[in-house]
Structure formats: structure tokens, C-alpha cells
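Sequence order for the protein chains is A and B.
Note that the first sequence covers residues 121 to 590 in the numbering used here.
Note that the second sequence covers residues -10 to 91 in the numbering used here.
These notes concern the structure reproduced below.
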Amino acid sequence: MKDASYLAVMARRNEVMKRSVGIDYEEFEISPLAFDYERLMATTGYSLDDVYAIQRETQVGNTPLVELKNLTALARQLAPSGKGARIFIKDEAANPSGSFKDRRASVSVHHAKVNHYPGVVVATSGNYGAAVASQAAKHRLRCIIVQETFDSQGLGQPEIVEKGRACEAYGAEVLQLTVGPELFSVFLQVVDETGYFNASLYTPFSISGIETLGHELVMQLRVREGRDPDMVIVTHAGGGNITGTARGVRQAGCHAMIVAASVDLRGLHMASDKDFNRKAFTTGHTGFGVPFATKPDRSDVPRNAARPLRYMDRYVTVTQGEVFYITEALAQLEGMERGAAGNTSLAAAFVLAQQMDSNQIIVVQETEYTGAGKHPTAQLTLMQQMGIEIRRGDPQENIPGKVIVLPQHPRQMRVQEVDLDQLRRSYIKNAIASLEDSKILTDTCIDFLVDETRRDHRFVKETINLLKGG
Amino acid sequence: MEGRKGDWVQIYKVLLQPEQRSPHIPEDTKKVPLELRVKGFLTHDAKINDQVTITSLAGRILTGKLVAIRPQYGHDFGKPVPALLSIGKELRMLLDKAGEER
């Protein structure tokens, strides 16, 4: 019998991973630092057309692209003359389990089915759990979801409790844990014990499933407007959404600017029991967005197929209050009641549209379902219960974990730019720190850092020299 | 409260005591255990707080302390939030005004 203790399982980590995703990640390593990213992505064996076919089989994708005429009119009212791009939104809530995550789940679960895995397991507290559970139901595979649900008082984050309910509604076993990164070892033990497929958010299967989203929105806009979007804006957390979308947009031959947007939760610790229920957003925030940009391989697979810095042209943040405000606006002005976290990019789009010409088009690439627990009133009620002040005013007065400020007027909506070069330098620092000996940096390592940061050799070398000097 | 074999229940288990937790976590989290809650069908009659086994929705047999029989989903839409209530009206007025000016 296998030793199932924590240390024993962690020691067998690579072996467990290899079997549970069917990918030998070591095959793609090409230097002490580098791996062949494109070859890893190609290892799925599924082309874009194959992914479309897989998704058609399970009613995933082909979601409506909706023009937000009233929000555009409102943005134009606030913008200088001649400004105010048309805002479109991809209504991904129309997917079977209510979010774009169905795209990610579809390829993984299909792959698990054709490779005769008895079931699928995934560590996620988000919509992805419901997506995997829904796809597993369609393929008659067993399904286990491991969630971080409660604080030490047993108080569940309502949004995560709702996602747990959805998973159970689709017939999945849901392991609900209290706060802490040890979730990963619990997950690994389940993978090891069951022999199920690891439907990780970060495999090439998952990322390839999102490529159709980027591709599809470009194709839909071409049919409808006879032109390409000027900007595609993506809510950013773990990096898969922006990576997959951007890859799809580029595969359509579209050169739109790709913008990432996160809710600003800086200052709150992601592994803190106390901070856990002081976040009105469980995803789409900087607590994932920044670390996953600067250290993508922190994920639950040896190499993360989501490489956000390779794809973002610009990264902005908005506040919790601004996202709730735009969520309310989407319901009241556009008749679309959707989940708040998915509207992070919409909050940013409303501001960025005002900076663009009125003949330009900005596409917000997702919505998500809403409901009990996920709704702004549910989240704000929890925040009130946790002693967080909620008021109208200038969103600049927002303090994560202390004050949530909803704008008094839409002209108070703002975006904060994140300095991408600073993220790139952090990325390089983290990459170098992962090496046992920084002297073994080969030319292949440097080339890889250039690809990862989308900067030139000079930038990479200067950053490395600065690090050595410090 | 008593549960019957086949009842839909929730069980509870401590997976890691505070001293067994990862060294790389914040101090507040280090002070509390890592706990698990999971639901399934009771495999035998039992009382609350008994050690029990359940069959999970994935068909696995799991053990733990019985904490709830036919547990209710407690999450809801929360209370009406004053900071949200007037936004719709305000935005419609702004749009209406713009329409008149045009």
C-alpha cells in the first residue's frame, strides 16, 4: 500500500502529477530556467478546430456578443467630444454552468474521458468547480472539487458556498476546507488515491479551451461590424483568461490591444484566516493577478500554461466599489444581471472607452452568472457583518479590508495603471531566485526571460545586473 | 438529533493541527487547525457528534464527525444595501437628461 502521509505524497508529487495529467513536464525543460512553452501548448494534440468541435458537443461557447448601448451612451456623456468607444460584452454566462470556465473544463474533461480516467478532480474555489462538475456530468465521469470555503469560525464565503452548492447540484463531491495553502497537499492525496484526472486550471488543455473565446469574439465582431476590436479587456486572476483569450485573438489575425484588469485588494493576505472573509471578491483580484504574473509556476502543475506577462499590453486595477457600481449599472441600464467578479473588466472598460475615439470598439470578454451568495447584496451584507464600512463617495478612498466606496457619480470611475516593467523585473527576480546557482544562466535562459517578459535582451540583462548588484 | 442510514449529512474532520501546519503561512492561520467539511449519504444510523462514515457524491467512503443532518444551504442574497439602491435611478436620470439635451 502506498504511504498516504503528507510528506510521502509531496515527495511523489511529480510522479502523481505526470499520471494525473498525462504530461511529462520534464520533457519540455530546455535549460535550468527555460521550458519550451509552445511545444507544451501543442502537446494537447487538439487544434483550435478540435477545441471548437469538443465544445459544440457539450453546448459550450458560441455565446452572444452584446452591444452595451446605454453604458456606451453614459460613457460618451462623460468623455471629451469625439471620444467614447462602443462597448461590447461577451455574455459568457450563457455557457452551461454560467461562466467562461466551461471552456476550460470542456477540453480537460473530454481528454479525461477519451483517456479512460475514472473521474476528474480539481482544486478550485471558483466558477471552475461548477464548470468541471457540469462537464463531468455530461461525460458521466465522477468528480471531486476541493475548495477553500470557511474561515476558522466556520463562516463560509457566500460566493464560494454558492459554488459548492452548484458543484453538488451537478453531482460532484465537494471537499470544503478552511483557509490555507495546505489545500494543495489534500488535493494531491485525493488525486493519488482516486487515480482521477487532474483538471487543473493551468494545463495546456485548460488554456487551449479559452482560445476559442478570443477567436470567437473577433469572428463575431467581423460578421456584425465588418471590423476588428481595438481593445479586448480581460478580468485577470490566475492568468489563464488573458493567456487563452489573447492567443485566440491572435490566431484570428487580430491585433487588438489586450488589457488585463483586476480588483485592487492589495494589503490583504491570501492565506490569512482573518482576511479571508474581508474580501468581497474571491477572484479577479490582485491577490492572484500580481503573483501569478510574476511567478506563474506557483500553480498546481509543474509548469503553468498561463503566462500572463507574455500577453498583456496593459494592466489596470479598479476598486471593489467601482465593480459593484458597474454591476448595478449593467443590471439597471442594460437589463443584464450578472456576477460582480466577471464585471471587473467592464468597470475598467467603462473608463478606458472614454479615452478612446468614438469610432473604436472595446470588447469586454466575459460575464458570469449571479445568484444567492454571488450577488453584490450578498457580498456587501457579509462585508458589513465583518465590520467593513460601505458608503458612497470617491472610490479613491477605498481601503481593501476596511472601506468599500461606491462612486457617487460615474465620472468618479477610474483605473489605476500597474507598472508592467515593475512586474517584469519581479518576474525575473523570482525566476533567478528559483535557480540553485545564478551563475548557470545560459543564453537559452536569457532568451526565455526575453520571451516571458516581452522585453529585449538589454532589459533582461540590466535587470539581472541590478539584482546581482543588490 | 439522530440520523438514519441513507440520510444526506455533513461530516467534519481536522486534517492538520495548528502545530502540523505549513511554516509558510501567516501567524493568524498558523494558530488554527486545517478543517474539512464534506457532505454525503450516511452509511449507518448515528447521532450528531458520532464518528460516522458516508458515501460521497463521487461514491467514496469518507469518515468524520457527524455535524449536520440534511444541512441547509445558508447563503442568500443578503440584505438590501442602501449604497446600491439609488444607483439605478441616478443613472437613468443622467441618461434621460442627455437625451433631452441632444
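Here a beta-carbon is modelled for each residue, glycine too, at the ideal position from N, C-alpha and C.
Anything in chain B within Cβ reach of Gln452/A, meaning under 9 Å, just list it in chain order. Ile76, Gly77, Lys78, Leu80, Arg81, listed in chain order.
To test your reading of the DSSP string, which unbroken alpha helix (DSSP H) runs of 4 or more residues are found completely within the segment 300 to 381 of chain A? When DSSP assignments are scanned along the segment 300 to 381 of chain A, the uninterrupted stretches of alpha helix (DSSP H) that are 4 or more residues long and fall wholly within it turn out to be 303 to 314, 324 to 345, 360 to 371.
Counting only C-beta atoms, is Thr439/A closer than 9 Å to chain B at any point? Taking Cβ atoms only, chain B never reaches closer than 9 Å to Thr439/A, which makes this a no.
Let's test the definition: count the other Cβ atoms within 10 Å of the Cβ of Glu247/A and tell me whether it reaches 16, buried, or not, exposed. One point to set straight first is that residue 247/A is Asn, not Glu, in the sequence displayed. Counting Cβ neighbours within 10 Å, Asn247/A comes out buried, since at least 16 surround it.
Between Arg26/B and chain A, is there a C-beta pair that is closer than 9 Å? Proximity of Arg26/B to chain A, defined by a Cβ-Cβ separation below 9 Å, is satisfied.
Neighbourhood of Lys549/A by C-beta distance below 7 Å, restricted to the same chain and skipping five residues each side: Around Lys549/A: Leu587.
Rounded Cβ spacing between Met130/A and Ser326/A (contact assumed at less than 8 Å): The Cβ separation is near 23 Å, so there is no contact.
Any Cβ of chain B within less than 9 Å of the Cβ of Gly204/A? Not an interface residue.
Could you list the residues in the segment 44 to 58 of chain B with a C-beta less than 7 Å from some C-beta on chain A, going in chain order? Closer than 7 Å at the C-beta level to chain A, one finds these residues of the segment 44 to 58 of chain B: Ser45, Leu46, Ala47, Gly48, Arg49.
Which runs of the beta strand (DSSP E), 3 residues or longer, sit entirely within the segment -10 to 67 of chain B? Secondary structure remark: continuous beta strand (DSSP E) runs of at least 3 residues inside the segment -10 to 67 of chain B, in chain order: -3 to 5, 23 to 31, 40 to 44, 50 to 58.
Short CB-CB distance (under 9 Å) between Met121/A and chain B: The pLDDT assigned to Met121/A is 40, lower than 50, so where the model puts this residue is not dependable; a value taken from the coordinates is nonetheless given after this. Not one chain B Cβ lies under 9 Å of Met121/A.
Count the C-beta pairs between the segment 456 to 465 of chain A and the segment 155 to 164 of chain A that are closer than 8 Å, then say yes if the count reaches three, no if not. The segment 456 to 465 of chain A is not in contact with the segment 155 to 164 of chain A.
Per-residue contacts from Asp85/B into chain A (C-beta, under 7 Å): Within 7 Å Cβ-Cβ: nothing; Asp85/B doesn't reach chain A, min ~11 Å.
Beta-carbon contacts of Lys28/B that lie in its chain and below 6 Å, excluding the five residues immediately before and after: Cβ neighbours of Lys28/B beyond the five flanking positions: Gln(-1).
Best match in Tyr62/B, Ile76/B, Lys78/B for proximity to Gln277/A [C-alpha to C-alpha]: Nearest of Tyr62/B, Ile76/B, Lys78/B to Gln277/A, Cα basis: Tyr62/B.
Among the residues of its own chain, which have a CB less than 6 Å from the CB of Asp222/A, if the five just before and after it don't count? The beta carbon of Asp222/A sits closer than 6 Å to those of Val180, Asn215, Pro216, Ala251, all from its chain and outside the five residues before and after it, given in chain order.
Thinking Thr163/A and Pro301/A are a contact (beta carbons under 8 Å), I'd like their distance in whole angstroms, please. Incorrect: roughly 28 Å between the Cβ atoms, too far for contact.
When we look at the beta-carbon of Gln499/A and count the other beta-carbons within 10 Å, is it buried (16 or more) or exposed? It counts as buried.
From which residue to which residue does the beta strand (DSSP E) around Tyr248/A run? That residue, Tyr248/A, is in no beta strand (DSSP E); its alpha helix (DSSP H) goes 247 to 258.
Is any beta-carbon of chain A found at less than 9 Å from that of Val21/B? True, the Cβ-Cβ gap to chain A drops below 9 Å.
For a contact defined as C-beta to C-beta under 8 Å, what are the partners of Ser219/A on chain B? Within 8 Å Cβ-Cβ: nothing; Ser219/A doesn't reach chain B, min ~18 Å.
Helix, strand or coil: which one does DSSP assign to Phe401/A? Phe401/A: coil per DSSP, three-state reduction.
For Thr439/A and Asp384/A, the rounded distance between their alpha carbons: In a straight line, the C-alpha of Asp384/A is about 5 Å away from that of Thr439/A.
Closer than 9 Å, CB to CB, is Thr501/A near chain B or not? So yes, Thr501/A belongs to the interface.
Are the beta-carbon atoms belonging to Tyr445/A and Met533/A less than 9 Å from one another? It is a contact, given that the beta carbons lie within the stated cut-off.
Taking Cβ positions only, does Thr18/B come closer than 9 Å to chain A? Yes, because at least one Cβ of chain A sits closer than 9 Å to the Cβ of Thr18/B.
With 16 as the cutoff for other CB atoms within 10 Å, does Glu556/A come out buried or exposed? The residue is exposed, with fewer than 16 neighbouring Cβ atoms inside 10 Å.
Proximal residues to Leu297/A (C-beta, below 6 Å), its chain only, five neighbours per side dropped: Closer than 6 Å at Cβ, skipping near neighbours: Glu268, Leu303.
Touch test, the segment 332 to 348 of chain A against the segment 408 to 420 of chain A, Cβ-Cβ under 8 Å, three pairs minimum: No, they do not touch.
Contact check, Asp(-4)/B vs Leu23/B under 8 Å by CB: the rounded distance? Not confirmed; about 27 Å, so no contact.
Glu486/A: buried (16+ other C-beta within 10 angstroms of its C-beta) or exposed? Taking a 10 Å sphere around the C-beta of Glu486/A, we find 16 or more other C-beta atoms and assign the residue as buried.
Can you name the residues that DSSP bridges to Gln296/A? Looking at the DSSP output, Gln296/A shares a beta bridge with Gln267/A, Arg26/B.
Taking the CB atoms as reference points, tell me whether Ala47/B and Arg262/A lie closer together than 9 Å. The answer is yes: Cβ separation under 9 Å.
Does the Cβ of Glu279/A have 16 or more other Cβ atoms within 10 Å, making it buried, or fewer, making it exposed? Glu279/A is buried by the Cβ-count criterion.
Tell me whether Glu572/A sits in a helix, a strand or coil according to DSSP, three-state version. Residue state, collapsed to three classes: helix.
Quick test of your reading: Ala381/A and Ala468/A, contact by CB under 8 Å. State the CB separation rounded to the nearest angstrom. Between Ala381/A and Ala468/A, the beta carbon gap of about 4 Å places them in contact (Cβ cut-off 8 Å).
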